[in-house]
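K.L.:
16 is the number that my numbering gives to position 15 of the sequence shown; each next residue is one higher, with no gaps. Note that the Cβ used here is the ideal one computed from N, Cα and C, for glycine as well.
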Amino acid sequence: MPSQRPNRARPPSERESKVCLRCGRPFMWRKKWARDWESVKYCSDRCRVGKSS
Numbered sequence: 002m003p004s005q006r007p008n009r010a011r012p013p014s015e016r017e018s019k020v021c022l023r024c025g026r027p028f029m030w031r032k033k034w035a036r037d038w039e040s041v042k043y044c045s046d047r048c049r050v051g052k053s054s
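The structure is reproduced here in structure tokens:
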């Protein structure tokens with residue numbers, strides 16, 4: 002059973018991940034994306050700027 006850790010950061014193995022829409026690589030949740038994680042679609046600025054595949 003996973004331990005409940007209120008007010009503590011999750012270890013990397015428990016963080017959410019997504020797949021970049023442009024390059025197809027998986028990327029993990031980062032603190033700078035905490036406010037808008039639901040709208041993050043690209044793994045980097047390079048992928049975001051070069052939207053057309």
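Which residues mark the beginning and the end of the beta strand (DSSP E) in which Val20 is found?
P.N.:
Counting from 1 along the sequence shown, the entry for residue 20 is found at position 19. Here the beta strand (DSSP E) through Val20 covers Ser18 to Val20.
K.L.:
Do you know how far the Cα of Gly25 is from the Cα of Pro12?
P.N.:
The residue you call residue 12 lines up with position 11 of the sequence shown. The residue you call residue 25 lines up with position 24 of the sequence shown. Cα to Cα, Pro12 sits roughly 24 Å from Gly25.
K.L.:
Hey, is Tyr43's beta-carbon within less than 8 Å of any beta-carbon in chain D?
P.N.:
Considering every chain present, this structure includes no chain D. It has just one protein chain.
K.L.:
Nearest-angstrom Cα distance between Glu39 and Lys32?
P.N.:
Translated into positions along the sequence shown, residue 39 becomes position 38. Translated into positions along the sequence shown, residue 32 becomes position 31. Their backbone Cα atoms lie some 13 Å apart in a straight line.
K.L.:
Leaving out five residues on either side along the sequence, give the residues of the same chain with a beta carbon under 6 Å from the beta carbon of Pro99.
P.N.:
Since the first residue of the chain shown is 2 and the last is 54, residue 99 is not available in this structure.
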